[in-house]
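Read the sequence shown against the UniProt record's numbering and you will find it ends at 84, with the numbers running on by one and no gaps. Where a beta carbon is used, it is the ideal one built from N, C-alpha and C, also for glycine. Here is the structure we will look at.
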Amino acid sequence: MAMLTIRNLPEEVRRALRMRAAQHGRSTEAEVRSILEEVVKPQGRVKLGSLLTEIGRRADLTDEDLAVFERVRDKTPEEPVLFE
């Protein structure tokens, strides 16, 4: 697990975090983790796999259509990129 240090946090913010944590029955640290997770991982976000599945459904692709893609796909391993 990564650690994060927050410097120069105003006292009123620290107090508000402590009060909010107490209202939710958890530590201040757990409350901050919850807030950060809520902000950076919103529930309404669209995940790539879900998006691709929805595109396939809208295009009415069947398993047979997908099998064609699999047959014609180039399966040769890619050469690594060299940055020189």
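Discussion item. For a quick check, are the C-beta atoms of Leu9 and Glu31 less than 7 Å apart?
Written reply: Here the question's residue 9 lines up with position 9 in the sequence shown. Here the question's residue 31 lines up with position 31 in the sequence shown. Cβ atoms of Leu9 and Glu31: not closer than 7 Å.
Item to complete: Indicate the three-state DSSP secondary structure (helix, strand or coil) for Gly49 in the structure shown.
Response: What you label residue 49 is simply residue 49 of the sequence shown in a count that begins at 1. Here Gly49 sits in helix by DSSP.
Worksheet item: How many angstroms separate the CA atom of Arg26 from the CA atom of Glu38?
Response: Position 26 of the sequence shown holds residue 26. Position 38 of the sequence shown holds residue 38. Distance between the alpha carbons of Arg26 and Glu38: 16 Å.
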